[in-house]
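Its first residue numbered 791, the sequence shown is counted upward by one per residue in the numbering used here. Beneath this line is the structure, given in C-alpha cells, with notes to follow.
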Amino acid sequence: MKKVSVIGAGNVGATCADVLARKNFLDEVVLVDIKEGLAEGKALDIWETASISHFNTRVTGSTNDYSKTEGSEVVVITSGLPRKPGMSRDDLISTNAKIVKSVTDNVVAASPDAKIIIVSNPLDVMTYAAHIASGKNANEVFGQAGVLDTARYRSFLASELDVSPLDIQALLMGGHGDTMVPLPRYTTVSGIPVTQLVAKEKLDSIIERTKKGGGEIVNLLGTSAWYAPGTSAAQMVESVVLNQKHIFPCCVRLDGQWGEKDVYLGAPVKLGRNGVEEIIEIDLNDEELELLKISSGHVKDVMKVFDDMKLF
C-alpha cells in the first residue's frame, strides 16, 4: 500500500495533500494537524473532489493522532509558525525547532522507515533539526527548497521569453533565501544556454527576483505562498515513492562536496526510493564557489544559533 502523510494542514500542507491525491499514484494521503478538526475538514473537502477530478486516492485527516500515519513511505513536515512582527530570528528558530522535533519523534515512532521531507522554516536549520531528532541516515531526511526556487526562476524566465516553462531546465544551489547561489551556466531552454537568449542585465534582475520570490508573495498577499511550495513538495514525494530518480536541487547535508562539510545546503541530488540516492557534485567556477561559501557561512551561523540553544 502506497501511503504518504503530510503533517500540518495549513495552506502549504493542504495544497501538498491535494496535489498528491490528484496525481492518483497513492492509495492514501493522511493529513495531521494539532488544531481540532482542521485536518479532518480539509481532508474531507479534498476527498469530495475525487469524482470530479478523477482520482481514487483516499484522503483522511487526524487531529494529532499519529497512529493514522503508520506505514507511511514518505512524510512531509510543514508544521511551524510563520515569523510574526517583533519576533526575532532566534525566537522563530527556537519555536519551530521544538515543533519539528515533536513532530519528527511522532513520525519516526509510527513510520520508522519513512523518508522525511522538511518544508518548515527556517528551512535549512529545520532540516538539520529534523535529521538530529530522527536519528535517521542523512539520505532519509532532506528539505524542499531548490525545487521551489527553481520553479520560480523557470516561471520568471518563461514569462520573459514567452516560452513554455516546461522547456526550461535550471539549477540553483545554497541556502534557501537571499544567499541562494544562481547558476545561469546550468540554465537552458530546450538545450539552448539561457545566456544566449536573455541579456545579462535582465538575467541578473530575474535572479534577484527569484531570491526574493517568497517576499514578493508576502508583500502581495500578506502571508506566505502555498501553491508553489505545496506542489514542489508533492513533486519530491512522487519521485521518491515511484522511484523516478529525478534530479532536483534539495536541502541536504553535505559531506565534503565543494569543500563543505556538516552543513545543510541546496545541492543537485537524485531522488529515488532510498531518498537522496546521490549528491551530484557539479563543477563550479571560482565565482560560484565563492558564492556557495558565503551561503554556507550564513547557514552555519544559523545552525550555530540552534546548537547553542541546546534544545535537544
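We treat Cβ as the ideally placed atom computed from N, Cα and C, and that holds for glycine.
Apart from the five residues on each side of it in sequence, which residues of its chain come closer than 6 Å, Cβ to Cβ, to Arg848?
Glu818
Less than 7 Å between C-beta atoms, sequence neighbours within five positions excluded: which residues of the same chain meet that for Thr917?
Ile908, Val931, Phe932, Gly933, Cys1041 and Tyr1054.
I need the straight-line Cα distance from Lys858 to Leu828, nearest angstrom please.
CA-CA distance, Lys858 to Leu828, rounds to 15 Å.
Please list the segments of the alpha helix (DSSP H) lying wholly inside the region 994-1063, counting only runs of 4 or more residues, in order along the chain.
1003-1011 and 1017-1031
Quickly, what does DSSP pair Asp823 with across the bridge? List them, please.
Thr853
Tell me which residues share the same chain as Glu950 and place their Cβ nearer than 6 Å to its Cβ, disregarding the 5 neighbours each side in the sequence.
none
How many angstroms separate the CA atom of Ala928 from the CA atom of His921?
7 Å
Taking the Cβ atom as the reference point for each residue, do Ser901 and Gly861 lie within a distance shorter than 9 Å?
Using a Cβ distance threshold of 9 Å, Ser901 and Gly861 count as a contacting pair.
Mind listing, in chain order, the continuous alpha helix (DSSP H) runs of no fewer than 4 residues lying wholly within the region 920-997?
Runs of the alpha helix (DSSP H) inside the region 920-997: 936-951.
Are Ala1024 and Val809 touching if we call contact CB-CB under 9 Å?
Cβ distance < 9 Å, so Ala1024 and Val809 count as in contact.
Need the endpoints of the alpha helix (DSSP H) that Ile883 sits in, please.
Start and end: Arg879 to Ala900.
Any contact between the region 878-895 and the region 1052-1070? By contact I mean 3 or more CB pairs, one from each, below 8 Å.
Using a Cβ-Cβ distance cut-off of 8 Å, the region 878-895 and the region 1052-1070 are not in contact, since fewer than three pairs of beta carbons, one from each stretch, lie closer than that value.
Going by other Cβ atoms of all chains shown within 10 Å of its Cβ, with 16 needed for buried, is Ser795 buried or exposed?
buried
Drop a sphere of 10 angstroms on the beta-carbon of Ile867, count the other beta-carbons inside from all chains shown, and report buried for 16 or more, exposed for fewer.
Counting C-beta atoms within 10 angstroms of its own C-beta, Ile867 has 16 or more neighbours from the protein chains shown and is therefore classed as buried.
Is Pro1019 closer than 9 Å to Thr805 when the C-beta atoms are compared?
yes
Using beta-carbon positions only, say whether Gly1062 and Pro1039 come within less than 9 Å of one another.
No Cβ-Cβ contact shorter than 9 Å links Gly1062 with Pro1039.
Assuming Gly851 and Lys832 make a contact with CB atoms under 8 Å, what is their CB distance in whole Å?
6 Å
Could you compute how far the alpha carbon of Glu1028 sits from the alpha carbon of Lys905?
Glu1028 and Lys905 have their C-alpha atoms spaced approximately 12 Å apart.
Going by other Cβ atoms of all chains shown within 10 Å of its Cβ, with 16 needed for buried, is Leu947 buried or exposed?
buried
Hey, could you find the ends of the beta strand (DSSP E) Glu1068 is sitting in?
Gly1065 to Ile1069
Can you find the residues in the same chain that come closer than 8 Å, C-beta to C-beta, to Val1059, ignoring five residues on each side of it along the sequence?
Cβ within range, chain order: Phe932, Ile1037, Phe1038, Pro1039, Cys1040, Val1042, Val1066, Glu1067, Glu1068, Ile1069 and Ile1070.
Please confirm if Ser878 has its CB atom under 9 Å from at least one CB of chain D.
The structure shown contains no chain D; it holds only a single protein chain.
What is the DSSP secondary structure of Ile1072, counted as helix, strand or coil?
coil
So if DSSP puts Arg848 in a beta bridge, which residue, or which two residues, is it bridged to?
Glu818.
Around the Cβ of Ala919, are there at least 16 other Cβ atoms within 10 angstroms (buried) or fewer (exposed)?
buried
Can you tell me the Cα-Cα spacing of Arg975 and Thr853, whole angstroms?
47 Å
Indicate the three-state DSSP secondary structure (helix, strand or coil) for Ser862 in the structure shown.
coil
What are the partner residues of Lys905, as DSSP defines its beta bridges?
Val864
I'd like the span of the beta strand (DSSP E) that includes Lys793, first residue to last.
Unbroken beta strand (DSSP E) run through Lys793: Lys793 to Ile797.
Got a sec, what are the start and stop residues for the alpha helix (DSSP H) Asn801 sits in?
Asn801 to Lys813
Val984 to Ile842, Cα distance in whole Å?
40 Å
Starting from the C-beta of Ser954, find all residues in its chain whose C-beta is less than 8 Å away, skip the five residues before and the five after it, and write them out in chain order.
The answer, listed in chain order, is Ala948.
I'd like to check one pair, Val1031 with Phe815: are the Cβ atoms closer than 9 Å?
yes
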